[in-house]
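Sequence lines, in order, name chains A and B.
At position 67 of the first sequence (counting the first as 1) the number is 66 in numbering that gives the first Met the number 0, and the numbers step up by one without a gap.
At position 42 of the second sequence (counting the first as 1) the number is 41 in numbering that gives the first Met the number 0, and the numbers step up by one without a gap.
Number of protein chains: 2
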Amino acid sequence: MRLKTAIMNAYDHLKFNADGLIPAIVQEAASGRALMMAWMNRASLEATVSTGKTHFWSRSRQKFWMKGETSGHVQHVKDIAFDCDGDTLLIQVEQSGAACHEGYRSCFFRSFAANGAEARVTEARLQTPEEIYGKK
Amino acid sequence: MRLKTAIMNAYDHLKFNADGLIPAIVQEAASGRALMMAWMNRASLEATVSTGKTHFWSRSRQKFWMKGETSGHVQHVKDIAFDCDGDTLLIQVEQSGAACHEGYRSCFFRSFAANGAEARVTEARLQTPEEIYGKK
Chain A
0 MRLKTAIMNA
10 YDHLKFNADG
20 LIPAIVQEAA
30 SGRALMMAWM
40 NRASLEATVS
50 TGKTHFWSRS
60 RQKFWMKGET
70 SGHVQHVKDI
80 AFDCDGDTLL
90 IQVEQSGAAC
100 HEGYRSCFFR
110 SFAANGAEAR
120 VTEARLQTPE
130 EIYGKK
Chain B
0 MRLKTAIMNA
10 YDHLKFNADG
20 LIPAIVQEAA
30 SGRALMMAWM
40 NRASLEATVS
50 TGKTHFWSRS
60 RQKFWMKGET
70 SGHVQHVKDI
80 AFDCDGDTLL
90 IQVEQSGAAC
100 HEGYRSCFFR
110 SFAANGAEAR
120 VTEARLQTPE
130 EIYGKK
């Protein structure tokens with residue numbers, strides 16, 4: 000009798016939600032800076048694995064998209080991890096330019112101030128949205 | 000005529016989902032290691048701000064909880080950031096012990112292997128769940 004292999008396909012560990020989506024945290028591999036969080040469906044994860052560039056599912060536009068397809072700010076994938084519950088991804092990338100569509104390196108450019116109420120900007124803007132996407 | 004203040008309350012930037020929840024990425028401040036992702040409602044965020052220890056909302060148990068209330072593995076908050084869309088939090092913490100209930104430092108202890116299919120464990124387990132929570 001042969002033993003069943005203990006090796007599981009990585010996809011088998013993952014739980015997509017009722018909409019078929021899983022949240023993906025994107026982190027800059029070299030600096031550890033958390034850049035953004037976006038959602039993936041199975042197809043965008045497979046495209047991310049096969050191309051080495053991050054692909055997501057936009058819930059607001061109901062659209063498959065590659066990060067950087069308009070801005071040029073592509074993310075080159077270094078590692079894809081998943082959590083103990085299999086319901087969140089953590090993707091290490093090399094980021095070209097600003098990750099945030101507002102022109103900041105990271106989408107997390109604002110923090111709660113020490114008083115716990117006000118918001119303060121914690122990093123410099125690299126580009127304006129007009130410089131990235133052109134005037135509208 | 001008085002000018003309206005431009006200072007917004009940080010909470011006013013946030014968008015909780017239809018269930019009243021917002022995902023919170025937890026990162027170790029000193030190392031940059033992404034530790035876990037969990038969900039907060041307004042009450043758990045307020046408790047996090049006021050106590051300086053992370054509190055969440057468990058979707059599976061439908062329960063308010065403080066990280067470390069059973070395990071002792073409390074997270075001391077250093078910073079609370081939010082993203083451009085106001086729909087994700089990034090919380091910098093000082094972590095006591097293992098963040099993961101499976102005894103790993105980070106919940107993201109497994110990655111896709113280079114072949115893009117198999118899962119591989121990428122860090123050493125610090126404790127077994129039995130050591131953390133006692134035998135069941």
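A virtual CB, placed ideally from N, CA and C, is assigned to each residue, including glycine.
- Item | Euclidean distance between Cα positions of A/Thr69 and B/Asp18 | 32 Å
- Message: Is there a C-beta anywhere in chain B that falls below 7 Å from the one on A/Glu101?
- Response: yes
- Query: Are there three or more Cβ pairs, one per stretch, closer than 8 Å when the stretch 7-15 of chain A is compared with the stretch 78-85 of chain A?
  - Reply: They touch, by the three-pair rule.
- Message: Could you tell me the alpha carbon to alpha carbon distance between A/Ala23 and B/Glu93, rounded to whole angstroms?
- Response: 23 Å
- Where A/His12 sits in the DSSP three-state scheme: Three-state result, A/His12: helix.
- Message: Using only the alpha-carbon positions, how far apart do A/Pro128 and A/Ala37 sit?
- Response: 19 Å
- Query: Cβ atoms of B/Met35 and B/Trp56: under 7 Å apart, would you say?
  - Reply: Between B/Trp56 and B/Met35, the C-beta gap is not smaller than 7 Å, which leaves the two residues out of contact.
- Task: Please report the Cβ distance between A/Ala33 and B/Leu44, rounded to the nearest whole angstrom; I am assuming they are in contact, meaning their Cβ atoms lie under 8 Å.
- Result: About 18 Å separates the two Cβ atoms, so there is no contact after all.
- Which class does B/Glu101 belong to by DSSP, given the choice of helix, strand or coil? coil
- Item | B/His54: contacting residues in chain A (beta-carbon distance under 7 Å) | The contacting residues do not exist; B/His54 stays about 14 Å from chain A at best.
- Message: DSSP has A/Lys62 in a bridge; who is on the other side?
- Response: In the DSSP assignment, the residues bridged to A/Lys62 are A/Ser57.
- Query: What are the partner residues of A/Pro128, as DSSP defines its beta bridges?
  - Reply: In the DSSP output, where bridge partners are listed per residue, A/Pro128 has none listed.
- Message: With a threshold of 7 Å on Cβ separation, who are the neighbours of B/Thr121 within its own chain once the five nearest residues in sequence on each side are excluded?
- Response: Phe108, Arg109, Ser110
- Query: Ordered along the chain, which non-local residues of its own chain (more than five positions away) have a Cβ less than 6 Å from that of A/Ala112?
  - Reply: Arg119
- Task: Check whether the Cβ atoms of A/Gly102 and A/Gln126 lie closer than 7 Å to each other.
- Result: Taking 7 Å as the cut-off, the Cβ atoms of A/Gly102 and A/Gln126 count as close.
- Query: Who are the neighbours of B/Phe15 on chain A, taking C-beta pairs under 7 Å?
  - Reply: Result: empty, since nearest Cβ-Cβ is about 15 Å, beyond 7 Å.
- Query: Under a three-way DSSP split, which group does A/Ala5 fall into?
  - Reply: With a pLDDT of 47 at A/Ala5, under the threshold of 50, the predicted position of this residue should be treated as unreliable, though the coordinate-derived value follows. In this structure, A/Ala5 counts as coil in the three-state DSSP scheme.
- Message: Going by the DSSP bridge assignment, what does A/Arg119 pair with across the sheet?
- Response: A/Ser110
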